[in-house]
Amino acid sequence: MSSLHLVFTAPTAGSALADCLRAAADGDTVLLLQDAVYAAVAPAAAAAGLLREAAANGLTLAALGPDVDARGIGALLHLGIELLDDNAFVALTEQHPRILSWF
Amino acid sequence: MMKRLLLVIRATPYGGIRAREALDAVLLFSAFAPEISVLFSGDGVWQLVGGQHPDGIGIKSVAATLGAFSTYDITRVYADGNALAARGIDGLPLAADARVLDDASLRELVRNHDRILTF
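If you're matching them up, the sequences are chains A and B in order. Going by the numbering used here, 1213 is the number at position 54 of the first sequence; the sequence numbering is gapless. Going by the numbering used here, 99 is the number at position 98 of the second sequence; the sequence numbering is gapless.
As structure tokens, this is what we get:
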């Protein structure tokens, strides 16, 4: 049974994303919310490498659309990061009985 | 002699209350310290990215407050060039006509001010 990982904080604010990716397994989904969406900005060096590796290891990467739009970074994102709206977010939580939050 | 005031903003725009408080403080202090300077540092440089549409998260846009800087005669607005580059957003147009500083200019900015507040 796969897990849903929710990451809330920016990679520059701590190790939440890095720690999450070490705990995530093939088939899991990682959703970036709030300031964590900054990790999905394509050129931002450190996080870019982490996310590329994550995608290669079979993780599904997504970001919450309203949080991306709020910050004005829609045009700067990695290709391969799926944007979800609030309804899709809810649906995701219904699909994954195991949910972890990373601050 | 009026103390020269520098406000350093390191908070992301929508990560908590700090951003709003920082920008409100800038506007407030500008009434008392006419030559106030503002430095966007670290994650604070994200405030300067254009095209912010926060309606979907129910928070008021900081872009509007940054746009008001010129109305308040707040023109000494700076961004840490290193912080922009580290986040891959150097080269983008910046809000509030922020001037990009290299490390040497950053040190000079600090030397030129008497009181520094960080948000």
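Think of the CB as a built atom: it goes at the ideal place given N, C-alpha and C, for glycine as much as any other residue. Here the structure is a predicted model, which means the values were calculated and not measured.
Taking C-alpha atoms, which residue in the options lies nearest to residue i?
{"i": "V63 of chain B", "options": "B:L93, B:T13, B:T119", "result": "B:T13"}
{"i": "H54 of chain B", "options": "A:A1198, A:A1234, A:A1247, A:D1187", "result": "A:A1234"}
{"i": "L1242 of chain A", "options": "A:A1169, A:G1173, A:V1196", "result": "A:V1196"}
{"i": "D1228 of chain A", "options": "A:L1192, A:R1211, A:S1174, A:A1177", "result": "A:L1192"}
{"i": "E36 of chain B", "options": "B:V50, B:G17, B:N113", "result": "B:N113"}
{"i": "H1255 of chain A", "options": "A:G1173, A:S1174, A:V1189", "result": "A:V1189"}
{"i": "Y79 of chain B", "options": "B:G16, B:L110, B:F33, B:A34", "result": "B:L110"}
{"i": "L107 of chain B", "options": "B:A32, B:V50, B:S38", "result": "B:S38"}
{"i": "R1211 of chain A", "options": "A:P1225, A:M1160, A:D1194, A:L1180", "result": "A:L1180"}
{"i": "L1220 of chain A", "options": "A:D1226, A:D1187, A:T1252", "result": "A:D1187"}
{"i": "A1177 of chain A", "options": "A:A1198, A:G1239, A:D1226, A:A1222", "result": "A:A1198"}
Report yes if the C-beta distance between residue i and residue j is below 8 Å; otherwise report no.
{"i": "A97 of chain B", "j": "F70 of chain B", "result": "yes"}
{"i": "F41 of chain B", "j": "A86 of chain B", "result": "no"}
{"i": "G1231 of chain A", "j": "G52 of chain B", "result": "yes"}
{"i": "L7 of chain B", "j": "Y73 of chain B", "result": "no"}
{"i": "Q48 of chain B", "j": "A20 of chain B", "result": "yes"}
{"i": "G43 of chain B", "j": "R11 of chain B", "result": "yes"}
{"i": "V1200 of chain A", "j": "L1259 of chain A", "result": "no"}
{"i": "A1175 of chain A", "j": "S1162 of chain A", "result": "no"}
{"i": "S31 of chain B", "j": "I75 of chain B", "result": "yes"}
Going by DSSP, name the residue or residues bridged to residue i.
{"i": "S62 of chain B", "result": "Paired residues: none, contrary to the question."}
{"i": "W1286 of chain A", "result": "Only positions 1160 to 1262 of chain A appear in this structure, which leaves residue 1286 of chain A out of reach."}
{"i": "A1222 of chain A", "result": "A:L1191, A:L1242"}
{"i": "L1180 of chain A", "result": "Answer by DSSP bridge pairing: none, since L1180 of chain A is not bridged."}
{"i": "T119 of chain B", "result": "B:V9"}
{"i": "V1200 of chain A", "result": "A:L1236"}
{"i": "R100 of chain B", "result": "B:Y79"}
Requested in this report: Please determine if the region 1205–1220 of chain A and the region 57–74 of chain B are in contact, where contact requires at least 3 C-beta pairs separated by less than 8 Å.
Outcome: no
Query - Length at least 3, wholly inside the region 5–89 of chain B: the beta strand (DSSP E) runs in chain order - result: 6–10, 38–41, 77–81
Query raised in the report: Given 8 Å as the limit, is there contact between the region 1167–1185 of chain A and the region 1241–1255 of chain A, that is, 3 or more CB pairs closer than that?
Result: no
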